[in-house]
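Inspection log for the structure reproduced underneath, given as structure tokens.
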Ligand code: HEM
Ligand code: SF4
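Residue numbers (this note's numbering), protein chains in the order written: chain A, 3 to 105; chain B, 246 to 802.
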């Protein structure tokens, strides 16, 4: 029996900055996971992935990754994605610095 | 020190010009990522987890002060004010913007540096003993031959699309500080009847399938060296498993065909390559060697050193751990630790780079080396200058007295940066260093090498750590596996696994228990960890890690 589809978001790295980005419901690339569109339908997810992969002038390394719904948008199920959404743990660099500034 | 010829300079400029155009074509959409990726990798540009990363070669780990200043300027202008020095004698910038990379490469070219062949299936940056040209125990300086190989291999038409990456390391001393047995080719300079030659090891490597290099030829005379190496690479280039990247390295080729068969094939091929070399390589070698002439050492009293050593315990402790024997009287090799307790191993801020560069210029014959242990070396300083040097280092957080001790940890970038990682390594290194500093035990423990990798690729050399730590992903949780008894020196040994791994929370207490067991069973302070391990074996350490019952069970398993 095929495994049931688990919710996912589409993520990649921005071409120019390399920063982690997420695909939003209106097909923008956002640096914030909370803006990401949580995809719950497998067929939809596959089509969105194919479309996103075509945008190679904007992003690199597009993939689908598991997330769960949370109070403030999608939440990672794996620690790798938790680091991608935050930044490295040895310095307050990357997204966590931006978030602090905007907070 | 080696200075670029016009040919080198024109070559690098041309490569940078090409890459600038390639970046533009990528940005304007005329190159896809699939087309661009191999091109950027050939120029040292990776995409990591959070950003691009530019890896810059520091051939045989040698830098002068101008180059170090440039590295600092690049860190300030295009990165976040720091750089990461790696086990491969590279510096990595973790935050460049794609558009800026061509400018960064041009800035590097101004001081004769580049990022060519730091990646891809080519012959990589040749590494050498970081005490090259200075060590008291040296047969000959390994850098001229490293430079010869670099020139021969850079853009070598036959070797741009090898089955896999190919790494060469050279040591000029019987005390191998270049981990030669963990390289595709390891060269050890030896002397036989007054003649200098090379013991050639092949098929070493860490990574997924760690193997210790085997001696293919115990004496290759200088005149035969390049044709001989060319024969080795050429034989592998044909036999290497291009069908499976996990089986493509020469270590697997050697394993599959056996050393005798490889030796026979290399000898056959060597008969041909030798004809093709006309002696130009030897003339070139002599010209290169002249550029690595030792600085003129002076004879001066060392009373300033002795006075500080007697009167200042902080200086003494630093001198005891961070200095090594120099071949010239009155001189010392000085290691600057990039492992301040709690800091990221191998990281230096731009300010620190400038301080180090200025010290090298004022006191160190303008020479610096980067060690594979992620520290910086002042190869030639007179002992009389050490008190002043120490004071300056201290005021910039660079006088940590821990070379070779438990907090002098090699750690790869791990999941804080690396896209291939299965777990983090940096925080584990930070916590171990902080913990043993709190316990004030590190000098009591003595010589101990901890090496940490964030995945089986083993960039952190964990297999050859006295204590190796490998970070894995076990069902979505970081898990750390311990190996014991690895040795990175001439008689290289791979560590053995203790048993099941530990979570991120458990790993520091586990290391503490291991060290406790060592302190209990060692025969006094003169028996370092590795010797104790060799004497008593795994058992007491297993018990310390898993308890008496569980240790028995893991043995039975
Ligand atoms: C983005 C960062 C990095 C990537 C993608 C990367 C990738 C890899 C891969 C795939 C291997 C296994 C190669 C094989 O066995 O065929 C490897 C090995 C290795 N890398 Fe890295 N690495 C990275 C960073 C580093 C750093 C920072 C260092 C130095 C601290 C380093 C030093 C080494 C060494 C020493 C080996 C093992 C030697 C061997 O395979 O023989 N790497 N790396
Ligand atoms: S060992 Fe793994 S995690 Fe560490 S740098 Fe190498 S590839 Fe990345």
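Ideal Cβ placement from N, Cα and C applies to all residues, glycine included.
Can you check DSSP and say which residues form a bridge with residue i?
i	result
residue 580(B)	622(B)
residue 335(B)	302(B)
residue 420(B)	In the DSSP output, where bridge partners are listed per residue, residue 420(B) has none listed.
residue 297(B)	292(B)
residue 729(B)	712(B) and 741(B)
residue 560(B)	Bridge partners of residue 560(B): none, in fact.
residue 696(B)	655(B) and 713(B)
residue 718(B)	723(B)
residue 310(B)	Its beta-bridge partners do not exist; DSSP assigns none.
residue 66(A)	12(A)
residue 803(B)	For residue 803(B) there is no data in the structure shown, the boundaries of chain B being 246 and 802.
residue 746(B)	Answer by DSSP bridge pairing: none, since residue 746(B) is not bridged.
residue 24(A)	13(A) and 32(A)
Is any beta-carbon of chain E found at less than 8 Å from that of residue i?
i	result
residue 343(B)	Considering every chain present, this structure includes no chain E. Its protein chains are A and B.
May I have the straight-line CA-CA distance separating residue i from residue j, to the nearest angstrom?
i	j	result
residue 802(B)	residue 298(B)	Bear in mind that a pLDDT of 42 at residue 802(B), under 50, signals an unreliable position, so the number given afterwards is only what the model happens to contain. Looking at the two C-alpha atoms, the distance is approximately 43 Å.
residue 640(B)	residue 440(B)	47 Å
residue 533(B)	residue 430(B)	21 Å
residue 333(B)	residue 73(A)	44 Å
residue 373(B)	residue 734(B)	13 Å
residue 442(B)	residue 423(B)	17 Å
residue 550(B)	residue 633(B)	9 Å
residue 548(B)	residue 630(B)	10 Å
residue 19(A)	residue 761(B)	47 Å
residue 267(B)	residue 338(B)	20 Å
residue 105(A)	residue 98(A)	Unreliable positioning characterises residue 105(A) in this predicted model, as indicated by a pLDDT of 43, which lies under 50. A coordinate reading is not provided.
residue 613(B)	residue 544(B)	21 Å
residue 342(B)	residue 50(A)	27 Å
residue 506(B)	residue 486(B)	16 Å
residue 598(B)	residue 636(B)	16 Å
residue 292(B)	residue 686(B)	40 Å
residue 367(B)	residue 772(B)	42 Å
residue 750(B)	residue 48(A)	38 Å
residue 315(B)	residue 776(B)	43 Å
residue 88(A)	residue 718(B)	19 Å
residue 602(B)	residue 309(B)	7 Å
residue 557(B)	residue 642(B)	18 Å
residue 35(A)	residue 25(A)	9 Å
residue 10(A)	residue 64(A)	13 Å
residue 465(B)	residue 645(B)	41 Å
residue 269(B)	residue 407(B)	28 Å
residue 348(B)	residue 277(B)	22 Å
residue 743(B)	residue 757(B)	15 Å
residue 83(A)	residue 481(B)	39 Å
residue 336(B)	residue 523(B)	36 Å
residue 577(B)	residue 628(B)	6 Å
residue 554(B)	residue 575(B)	14 Å
residue 410(B)	residue 369(B)	7 Å
Can you tell me the Cβ-Cβ gap for residue i and residue j, rounded? I've got them flagged as a contact below 8 Å.
i	j	result
residue 415(B)	residue 381(B)	That belief does not hold up - the Cβ atoms of residue 415(B) and residue 381(B) are roughly 18 Å apart, past 8 Å.
residue 659(B)	residue 671(B)	6 Å
residue 434(B)	residue 737(B)	No, residue 434(B) and residue 737(B) are not in contact; Cβ-Cβ is about 17 Å, not under 8 Å.
residue 320(B)	residue 595(B)	4 Å
residue 351(B)	residue 261(B)	6 Å
residue 23(A)	residue 70(A)	No, residue 23(A) and residue 70(A) are not in contact; Cβ-Cβ is about 20 Å, not under 8 Å.
residue 583(B)	residue 330(B)	6 Å
residue 695(B)	residue 715(B)	About 12 Å; that fails the 8 Å criterion.
residue 730(B)	residue 741(B)	6 Å
residue 615(B)	residue 306(B)	4 Å
residue 446(B)	residue 426(B)	6 Å
Verify the contact flag: residue i, CB atom, against every heavy atom of the ligand MN, threshold strictly below 7 Å.
i	result
residue 439(B)	Looking at this structure, you won't find the ligand MN anywhere; what it does contain is the ligand HEM and the ligand SF4.
Which residues are close to the ligand SF4, meaning CB closer than 6 Å to any heavy atom, in chain order? 657(B), 658(B), 659(B), 663(B), 665(B), 666(B), 698(B), 699(B), 700(B), 702(B), 703(B), 704(B) and 705(B)
With 8 Å as the limit, tell me which residues of the region 25-55 of chain A have their beta carbon closer than that to any beta carbon of chain B; keep them in chain order. none
Please list the residues of the region 68-87 of chain A that have a C-beta atom closer than 9 Å to any C-beta atom in chain B, keeping them in chain order. 79, 80, 81, 82, 85 and 86
Taking a Cβ distance cut-off of 8 Å, strictly less, list which residues of the region 280-298 of chain B are near chain A, in chain order. 292, 293, 294, 295, 296 and 297
At a Cβ cut of 8 Å, what residues of the region 671-689 of chain B count as close to chain A, listed as they run along the chain? 671, 672 and 675
Listed in chain order, which residues of the region 526-544 of chain B have Cβ atoms closer than 8 Å to some Cβ of chain A? none
Just by C-beta distance, which residues in the region 7-18 of chain A are closer than 7 Å to chain B? 15, 17 and 18
Give, in chain order, every residue of the region 367-395 of chain B whose Cβ lies closer than 8 Å to some Cβ of chain A. none
Using a Cβ cut-off of 7 Å, which residues of the region 642-665 of chain B contact any Cβ in chain A, in chain order? 660, 661 and 662
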